[in-house]
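In the working numbering, the protein residues as written are 1 to 156. Backbone N, C-alpha and C fix where the C-beta goes; we use that ideal spot for every residue, glycine too. Report on the following structure.
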Amino acid sequence: MENLSQNKKISLGLGAAVLISLFLPWFSFMMFSTSLIGVPGMISDIASFGGGMDDTPFKIQLAIYMGYAFFILGAAGLYFNYKNDIQKAKLSYYAMVGYFAIVIILNISDMGDMGGGDDGPSIFKILGMGFYVFIASYIGNLKYLKEESESEIIEE
């Protein structure tokens with residue numbers, strides 16, 4: 001770790017923060033709060049009262065298991081960053097955005113009005129600390145994730 005550049009250390013720290021944010025509360029509504037990794041467990045607990053998740057459409061399953069996909073892609077990005085394969089690290093982080101876009105596009109018709117009117121609360125009232133930590137660390141990681149020249153590597 002001592003021969004890593006300052007950008008590499010910051011980038012690795014932010015990559016770890018991306019993974020940690022998946023375990024922090026992403027959604028808080030009334031007395032319920034769950035992390036993105038905890039969503040499948042919460043949904044299966046709710047579905048156990050109604051007969052199971054066998055009837056869940058694929059596009060909804062993509063949204064439910066987003067936390068697992070983000071964890072795998074984030075871990076891959078952190079690994080490739082540590083191994084100094086920056087292009088693959090960036091690709092795995094960009095795949096997170098692509099996965100999120102696919103989920104949004106497939107489920108946009110089911111979202112309805114999230115404006116905070118009579119239909120329900122505003123999305124910003126529901127989002128928890130984990131979402132904001134994820135966004136901040138994700139954007140920061142993409143800023144510091146770059147190729148290093150030999151002069152940038154700190155040797156002690």
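Between which two residues does the beta strand (DSSP E) carrying S35 extend? Note, S35: beta strand (DSSP E), 32–35.
Given a threshold of 16 other Cβ atoms within 10 Å of its Cβ, counted over all protein chains shown, does F134 qualify as buried or as exposed? It is buried - the Cβ of F134 has at least 16 other Cβ atoms within 10 Å.
Taking just the CA atoms, how far does V39 sit from S28? Between the C-alpha atoms of S28 and V39 there is a straight-line separation of about 12 Å.
Could you name the residues that DSSP lists as bridge partners for P25? Beta-bridge pairing by DSSP links P25 to S35.
Rounded to whole angstroms, what is the Cα-Cα separation between L14 and M66? About 20 Å.
Specify the secondary structure class of L127 as computed by DSSP and reduced to three states. Residue state for L127 is assigned as strand, using DSSP reduced to three classes.
Limits of the alpha helix (DSSP H) - the one that K146 falls within: Annotation: K146 is outside any alpha helix (DSSP H) and is labelled neither H nor E by DSSP.
Proximity to I64 [Cα-Cα], best of Y93, N84, T34: Checked all of Y93, N84, T34; the closest Cα to I64 is T34.
Rounded straight-line distance, which links the Cα of F80 to that of L19: Cα-Cα distance, rounded: 14 Å.
In its own chain, which residues sit with a C-beta less than 6 Å from the C-beta of N7, not counting the 5 before and 5 after it? Closer than 6 Å at the Cβ level, and outside the excluded window around N7, lie Y144.
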